[in-house]
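This report refers to the structure that appears directly beneath it.
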Amino acid sequence: MTIDWQWMKPAQMAEHLGVSHQWINRMIADRDLRAPARRFCAANPGGLWRRAKKGPGFEYHYSVLDPVARARWERQHKPEVATPEGTRKAMKARLARDDAWARYERVPEARKAAARAKLEVLEAVRTSILAGTPKEVAIELVCGPRGIGPRTYRDWEDRVTGVERADWLAYLVDHYVGRTATVEMSPEAWEYFKADFLQQSAPALAASYTRTVEVGETKGWKIPSAKTFQRRLQREIPAETIVLLREGEEAALRMFPSQRRDRSSLHALEAVNFDGHKFDVFVIWPGVDKPVRPVIAAFQDLYSGKILSWRIDLSENATVFRLAFGDMLEWGIPDHVVIDNTRAAANKWLSGGTSHRFRFKVKADEPDGIFKTLGCEVHWAQPYHGQSKPIERAWRDLCEYISRSPDCVGAYTGNNPTAKPENYGSRAIPMADFLRIVEREIRLHNARTKRESKVCGGVMSFDQAFTASYAQAPIRKASAAHRRMCLLAPEKVTARKPDGHVEILGNRYWNERLPGLIGTKLVVRFDPDALHQDVHVYRLDGSYLGPAACVADTGFFDADHARTHARALGDWHKANKAVANAERRLSAAEAAAMRPSLPEDEVKPEAKVVRGSFGNLALKPDTDVDRPQTQATVEFFETFSRGVALLRQGNE
Numbered sequence: 024m025t026i027d028w029q030w031m032k033p034a035q036m037a038e039h040l041g042v043s044h045q046w047i048n049r050m051i052a053d054r055d056l057r058a059p060a061r062r063f064c065a066a067n068p069g070g071l072w073r074r075a076k077k078g079p080g081f082e083y084h085y086s087v088l089d090p091v092a093r094a095r096w097e098r099q100h101k102p103e104v105a106t107p108e109g110t111r112k113a114m115k116a117r118l119a120r121d122d123a124w125a126r127y128e129r130v131p132e133a134r135k136a137a138a139r140a141k142l143e144v145l146e147a148v149r150t151s152i153l154a155g156t157p158k159e160v161a162i163e164l165v166c167g168p169r170g171i172g173p174r175t176y177r178d179w180e181d182r183v184t185g186v187e188r189a190d191w192l193a194y195l196v197d198h199y200v201g202r203t204a205t206v207e208m209s210p211e212a213w214e215y216f217k218a219d220f221l222q223q224s225a226p227a228l229a230a231s232y233t234r235t236v237e238v239g240e241t242k243g244w245k246i247p248s249a250k251t252f253q254r255r256l257q258r259e260i261p262a263e264t265i266v267l268l269r270e271g272e273e274a275a276l277r278m279f280p281s282q283r284r285d286r287s288s289l290h291a292l293e294a295v296n297f298d299g300h301k302f303d304v305f306v307i308w309p310g311v312d313k314p315v316r317p318v319i320a321a322f323q324d325l326y327s328g329k330i331l332s333w334r335i336d337l338s339e340n341a342t343v344f345r346l347a348f349g350d351m352l353e354w355g356i357p358d359h360v361v362i363d364n365t366r367a368a369a370n371k372w373l374s375g376g377t378s379h380r381f382r383f384k385v386k387a388d389e390p391d392g393i394f395k396t397l398g399c400e401v402h403w404a405q406p407y408h409g410q411s412k413p414i415e416r417a418w419r420d421l422c423e424y425i426s427r428s429p430d431c432v433g434a435y436t437g438n439n440p441t442a443k444p445e446n447y448g449s450r451a452i453p454m455a456d457f458l459r460i461v462e463r464e465i466r467l468h469n470a471r472t473k474r475e476s477k478v479c480g481g482v483m484s485f486d487q488a489f490t491a492s493y494a495q496a497p498i499r500k501a502s503a504a505h506r507r508m509c510l511l512a513p514e515k516v517t518a519r520k521p522d523g524h525v526e527i528l529g530n531r532y533w534n535e536r537l538p539g540l541i542g543t544k545l546v547v548r549f550d551p552d553a554l555h556q557d558v559h560v561y562r563l564d565g566s567y568l569g570p571a572a573c574v575a576d577t578g579f580f581d582a583d584h585a586r587t588h589a590r591a592l593g594d595w596h597k598a599n600k601a602v603a604n605a606e607r608r609l610s611a612a613e614a615a616a617m618r619p620s621l622p623e624d625e626v627k628p629e630a631k632v633v634r635g636s637f638g639n640l641a642l643k644p645d646t647d648v649d650r651p652q653t654q655a656t657v658e659f660f661e662t663f664s665r666g667v668a669l670l671r672q673g674n675e
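Each residue of the sequence shown is one higher than the one before, counting from 24 in the working numbering.
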């Protein structure tokens, strides 16, 4: 009895094997598959061909295929067994099959090859039987030349009895357990060895074993060879646990695959990251006695990897990051900023007002930093994790092309105290020359082609990738107000008495609006590198109050500054008087004239009772009423009389 799914036409066979129809015809002819003795019929149930039940032509049994093709044909065409999957028997069969294939995948390739050889023997015997050869004769014909005994063959046949043909290969694999007996070892010896070996001083295994033997001799422990300890260590303790105990957490975390972020989904200037790096080069800095190692602060475009802006200073501070960000605004305003957790990078001038920060306490009334003001979403890099900032890779490249370049020979300090070159400290580079070197190498860094990033594709440079995306991306441009806010650092101050001036670092600043804001807290944005320039004054809510000029102290006898100050005072006073006249549209005389006139003389009532004045409270009579008056007194009364007359004329 046979099943229709087991038969295929030559065209189906060609499609299944992925070969031409002509190749199938040649294979049928070479193997003489159409021999009359191989025709399938009731008398020959093992036949390999028959007339097609549908349409003209012939069909061939799928057993003529190679084992791999047969298994694939079965998976594609064999109907599901009617046995319910939920029954215990079907579940056990499925679990046994999965376990067999799992064991097959675990064994070495040599055992897999041996299993394939066994399968070929079983197939050869089966094919011979289907051709009409008696089973015992077929076994002898196939196994004899290969040196395989009949008993061995029957053992293989027993393994696959009742097993689906597609799973024979998994069941024919030999599963050698190997040696399972272990040498006796005292539990105390094993615990002592682990305590000695699994520590961060990372002693050698031989040293830990020697100490274990020395202690064991006094304790009477049973101690096997060092190889036994090593094998048990590898068998019972995971490798990552050994690394954690001997090398620390950072080394253990490196054993977990790092997250590789795809930046190709971004566009130019959509996101930037920034960081600082101290050069391993001695530089002569103006105003500093000894050579220093300067620090660079740079902003990098995350999409392309291009370094957009950079500044150099003596140390990593808020000012150098602010200035570098101001330079970057020439390209536009990014939507996202990845910030390091250092004190300089996370300073309030940049990140003020953000809800979460690794550094500094967030206060309700603190001024908003540059990023929040410009609408940049801040992302904090993981502390002590350089992989979170792609710019770290740029620092490694710049170290090679700047610090180790021929331009810096003799000035290179080495990347750690134990790696100092032989000519350490023999030279220091002037600051102007070093700035030219840095500018040249950063331009070359951006322009170097065949970058292997996903965005550059091994062809473009950082410059080319940035330019191509920048021309098509929606970029937010920075206005003059944006640059004013970003290039100047915010500081909260109070308008002081008596004139409303504000003070920053000992300097006074004033404008015409400040007298009306005495006692009010304000925000002043200024450039710490140019404290004698105008500063810009804002309310805490961000409304702009205008620039305030520096009121500089002058020398005691400095006539030029005295004249300048007097001229400025006169102009201000004149403007103030003009405003006062504009606000007061009525003169004092006009206001007085609007008062009601005096009423008619009233008849004074006479007092019925008069209190007497006695003692020291009594008024002393004036006996000098006829004394002569001075000229000044006369002039005063004349002037007063004329004024009263003028008032009367105005009333009429």
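Backbone N, C-alpha and C fix where the C-beta goes; we use that ideal spot for every residue, glycine too.
Local Cβ density within 10 Å of residue i, reported as buried at 16 or more and exposed below that
i    : result
S332 : buried
R334 : buried
E132 : exposed
Q323 : buried
F279 : exposed
G70  : buried
C64  : exposed
P68  : exposed
H44  : exposed
Y567 : exposed
G392 : buried
A347 : buried
D27  : exposed
L164 : exposed
L145 : buried
R117 : exposed
E273 : exposed
M351 : buried
R61  : buried
Own chain partners of residue i with C-beta closer than 7 Å, once the 5 adjacent residues on each side are dropped
i    : result
S476 : G328
E211 : K242 and W244
L40  : A92
Collapsed DSSP secondary structure at residue i in the structure displayed
i    : result
G80  : coil
P150 : The residue you asked about is not Pro; residue 150 is Thr in the sequence shown. In this structure, T150 counts as helix in the three-state DSSP scheme.
H468 : helix
E415 : helix
V558 : strand
R269 : helix
W30  : strand
V318 : strand
H23  : The requested residue 23 does not occur in the structure, where the chain is confined to residues 24 to 675.
P68  : coil
I307 : strand
Q35  : helix
L568 : strand
K301 : strand
Y699 : In the structure displayed, the chain extends from 24 to 675; residue 699 sits before or after that span and is not available.
R499 : strand
Y424 : helix
Y435 : strand
M114 : helix
Close Cβ partners of residue i (< 8 Å) along its chain, the five nearest in sequence each way excluded
i    : result
E82  : W30, M31, K32, W72, R73, R74, A75 and K76
W124 : D190 and A193
E293 : L325, Y326, P357, D358, H359 and A496
Per DSSP, the bridge partner or partners of residue i
i    : result
Q323 : N296 and I330
F532 : In the sequence under discussion, the amino acid at residue 532 is Tyr, which differs from the Phe named in the question. Its beta-bridge partners are V525 and C573.
E237 : DSSP lists no partner for E237.
E514 : V547
R62  : W72
I452 : V306
Own chain residues within Cβ distance below 6 Å of residue i, not counting five before or after
i    : result
A275 : E263, V266 and L267
Y532 : V525, V558, A571 and C573
I414 : N296, D298 and Q323
S287 : K477 and V478
E400 : H359
V560 : L545, V547, L568 and A571
Beta strand (DSSP E) segments (min. 3 residues) lying fully within the stretch 325-364: 330-336 and 359-362
Give, in chain order, every unbroken run of the alpha helix (DSSP H) that is at least 4 residues long and sits entirely within the stretch 117-171. 132-153 and 158-166
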